[in-house]
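Visitor: If you scroll down you'll find the structure; I have some questions about it.
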DNA sequence: TTTACTGCAAATATTTTGCAATATC
DNA sequence: GATATTGCAAAATATTTGCAGTAAA
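Residue numbers (the numbering used here), protein chains in the order written: chain A, 4 to 163; chain B, 4 to 163.
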């Protein structure tokens, strides 16, 4: 995630906290920072681990609380990838189109000028839009091969 | 969900079961039918309830087992919607465009033919797409007024 | 000083698993 | 008849909550 977006994310959080008289706790900013330092999507555990490595331990409850707040602010998106819950930093200054492999979870940006153009022209009635996300879920070609093969009950979970 | 898609889904399941020597149990077909009878996305509970109403009770375990199988076959997609896990039938011929109010969480379908058309024409390289979601986040006009005022922690979950 | 926020541990909720009974092949 | 699948209940995970202590404003 780019620095600019990370900075913008912190501004949004700051603004929200100020506007609603909530508190600027170090935990909230540490968690947000960690999220924007993550490469791609991550589980709650992975996020907690990154924070530990940064020597900033936060409780599970705070982790969940922060994530929920960030979800509300759309600074984070919650995904379902191969039957697991994962998150990713979400802030985007421009509409974004991503393809997500349901098998390996890999996310790739798609450039689709025509789609963005059409989006631009689409008016939403009685709705002020902040931003737009497009997700294409499917299977990437490298997973395609594996997929019809072995289909046992084990090893379906992606690593935590 | 259209009948045609439902039928196709059952063919895919049949084919898979035959090919892999798994069993054609009434449960599997009942669950698949129910999924394709659902209108939009649903929770495990809602799915169970629909089945009960159809007087075809299946255990929780079977519900989860079936869903997992269908996820593998890409007959179902698992979503994360506003911090809840939900599923939907996956053989959707048309992508879905939803506007989500960040304030009240209300979700409304948007009809944007131009966008859908452009999506249709967009090829994804080395990627087989199952399902496309477009989310426009923002504020609906009925929330516009309230917006700067109090923002409590309650009622953030969408109804189960 | 006030009270929102944190951590902890307990409570809930969600999903998976072990196993005996059953039904498909 | 052999065994994959089911339902049930228990186990394992994941998430939320209550509360007392802490710290931001």
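C-beta: ideal position from N, C-alpha, C; glycine also.
Could you tell me if residue 91 (chain A) is buried or exposed, where buried requires 16 or more neighbouring beta carbons within 10 angstroms of its beta carbon?
Guide: Answer is buried; the Cβ neighbour count reaches 16.
Visitor: Could you tell me which residues DSSP puts in a beta bridge with residue 131 (chain A)?
Guide: Answer is B:142.
Visitor: Taking only beta carbons into account, state which residues of the stretch 114-133 of chain A come closer than 8 Å to chain B, listed in chain order.
Guide: Residues passing the 8 Å Cβ filter: 115, 117, 118, 120, 121, 122, 124, 125, 127, 129, 130, 131, 132 and 133.
Visitor: So, does the CB of residue 107 (chain A) fall closer than 9 Å to a CB anywhere in chain B?
Guide: No, residue 107 (chain A) does not count as interfacial toward chain B.
Visitor: Hey, does residue 3 (chain A) have any beta-carbon neighbour from chain B nearer than 9 Å?
Guide: Not covered by the structure: residue 3 (chain A). The range shown for chain A is 4 to 163.
Visitor: Taking a Cβ distance cut-off of 7 Å, strictly less, list which residues of the stretch 77-105 of chain B are near chain A, in chain order.
Guide: For the stretch 77-105 of chain B, which is checked against every Cβ of chain A, the residues closer than 7 Å are 80, 81, 82, 83, 86, 88, 102 and 105.
Visitor: Shortest alpha-carbon distance to residue 76 (chain A) belongs to which of A:146, A:124, A:138 and A:93?
Guide: Among A:146, A:124, A:138 and A:93, the Cα nearest to that of residue 76 (chain A) belongs to A:93.
Visitor: Between residue 38 (chain A) and chain B, is there a C-beta pair that is closer than 9 Å?
Guide: No - not a single Cβ of chain B is within 9 Å of the one on residue 38 (chain A).
Visitor: Which of the three DSSP states is assigned to residue 57 (chain A) in this structure?
Guide: Residue 57 (chain A): coil per DSSP, three-state reduction.
Visitor: Please go through the same chain and pick out, in chain order, the residues whose beta-carbon is closer than 7 Å to the beta-carbon of residue 19 (chain B), but skip the five residues on each side of it.
Guide: So the qualifying residues of the chain are 76.
Visitor: On a CA-only basis, which of A:133, A:49 and A:112 is nearest residue 141 (chain B)? Give me that one, please.
Guide: The residue with the shortest Cα to Cα distance from residue 141 (chain B) is A:133.
Visitor: In chain A, which residues lie less than 7 Å from residue 71 (chain B) when you measure between Cβ atoms?
Guide: Result: 86.
Visitor: With 7 Å as the limit, tell me which residues of the stretch 39-51 of chain B have their beta carbon closer than that to any beta carbon of chain A; keep them in chain order.
Guide: Cβ contacts with chain A: none found.
Visitor: Taking 9 Å as the threshold (C-beta atoms), are residue 138 (chain A) and residue 137 (chain B) in contact?
Guide: Yes, they are a contact pair.
Visitor: Have a look at residue 111 (chain B) and residue 130 (chain A) and give me their C-alpha separation to the nearest angstrom.
Guide: Their Cα atoms are separated by approximately 10 Å.
Visitor: Residue 113 (chain A) and residue 101 (chain A): beta carbons closer than 9 Å?
Guide: Yes, the pair counts as a contact, with Cβ atoms nearer than the cut-off.
Visitor: Quick check on residue 142 (chain B) - is its C-beta less than 9 Å from some C-beta in chain A?
Guide: Taking Cβ atoms only, chain A reaches closer than 9 Å to residue 142 (chain B), which makes this a yes.
Visitor: Of all Cβ atoms in chain A, is any one closer than 9 Å to the Cβ of residue 24 (chain B)?
Guide: Cβ-Cβ to chain A under 9 Å: no for residue 24 (chain B).
Visitor: Have a look at the DSSP bridge pairing and note the partners of residue 102 (chain A).
Guide: Answer by DSSP bridge pairing, in chain order: A:111 and A:139.
Visitor: Can you find the residues in the same chain that come closer than 8 Å, C-beta to C-beta, to residue 79 (chain A), ignoring five residues on each side of it along the sequence?
Guide: 38, 70, 73, 90, 91, 92 and 93.
Visitor: Roughly how many angstroms lie between the CA atoms of residue 14 (chain A) and residue 95 (chain A), to the nearest whole one?
Guide: Straight-line Cα distance between these residues: approximately 13 Å.
Visitor: When the Cα atoms are used, what is the spatial distance from residue 67 (chain A) to residue 17 (chain B)?
Guide: Approximately 41 Å between the Cα atoms of the pair.
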